[in-house]
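In the numbering used here, the protein residues as written are 3 to 143.
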Ligand code: HEC
């Protein structure tokens with residue numbers, strides 16, 4: 003292979019690599035942004051919320067992106083919940099209502115299908131923070 007061709011191929015390879023690095027950085031930044039927004043809205047810690055969701059077994063009733071084994075079909079999927087207008091078809095989707103709902107759904111509607119899970123105030127905030135990272139455009143996160 004002539005040296006000039008090798009040089010061009012080398013440049014191409016470098017350009018592809020750079021594009022991959024840039025794309026990775028951008029994806030990471032938008033995840034970080036979603037996380038920061040969600041934590042500012044709720045005053046919760048989204049990583050702790052995800053761990054709580056996993057431990058409490060919300061995934062036995064809900065599909066929840068980013069939570070291992072969360073494939074339940076008793077309740078609605080929580081994919082993209084951050085972008086929905088209403089919660090459970092009853093409440094405006096505001097941070098305060100999200101916290102209230104996950105903490106005491108039976109107080110909002112005693113005939114609703116979601117049980118009270120006995121969450122502390124902190125757990126409810128943390129869980130709401132995680133749920134607000136679930137935007138429709140990125141159902142994987
Ligand atoms: C026993 C099954 C069950 C468990 C466990 C459960 N949920 Fe639910 N959840 C439901 C059902 C059913 C609904 C729909 C309730 C309704 O419309 O009355 C719901 C609704 C919701 C909604 C509103 C969804 C929407 O589309 O508006 C959120 C948010 C939610 N649950 C979060 C959670 C979280 C977080 C946990 C764990 C702390 C959890 N759920 C545990 C059954 C469950």
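Ideal placement from N, C-alpha and C gives every residue a C-beta, glycine not left out.
Note that the structure is predicted; figures quoted are calculated from it, not measured.
Is it buried or exposed, residue i, if we count other Cβ atoms within 10 angstroms and call 16 or more buried?
i	result
residue 14	exposed
residue 6	exposed
residue 51	buried
residue 66	buried
residue 3	exposed
residue 19	exposed
residue 24	exposed
residue 109	exposed
Let me check understanding here. Comparing Cα to Cα, which of the options lies closest to residue i?
i	options	result
residue 69	32, 21, 56	56
residue 63	71, 38, 75	75
residue 125	79, 115, 54, 91	54
residue 112	92, 73, 123	92
Go through its chain and collect everything with a Cβ distance to residue i's Cβ below 6 Å, but skip five positions before and after it.
i	result
residue 45	127
Where does the unbroken alpha helix (DSSP H) through residue i begin, and where does it stop?
i	result
residue 57	48-58
residue 113	Residue 113 -> no alpha helix (DSSP H), and no H or E assigned at all.
residue 12	5-44
residue 133	123-133
Kindly list the residues whose CB is nearer than 8 Å to the CB of residue i, restricted to its own chain and excluding five residues on each side of it in sequence; keep chain order.
i	result
residue 48	37, 40, 41, 128, 131, 132, 134, 135
residue 77	63, 64, 115, 116
residue 22	none
Flag residue i as yes if its beta-carbon sits less than 8 Å from any beta-carbon of chain D, otherwise no.
i	result
residue 101	Among the protein chains of the structure shown there is no chain D, as only one such chain exists.
Residues in its own chain within less than 7 Å of residue i by CB, not counting five upstream and five downstream?
i	result
residue 11	none
residue 58	119
So does the stretch 77-88 actually touch the stretch 119-130, counting three or more Cβ pairs closer than 8 Å? no
Taking contact to mean at least 3 C-beta pairs separated by less than 8 Å, is the stretch 125-139 in contact with the stretch 96-112? yes
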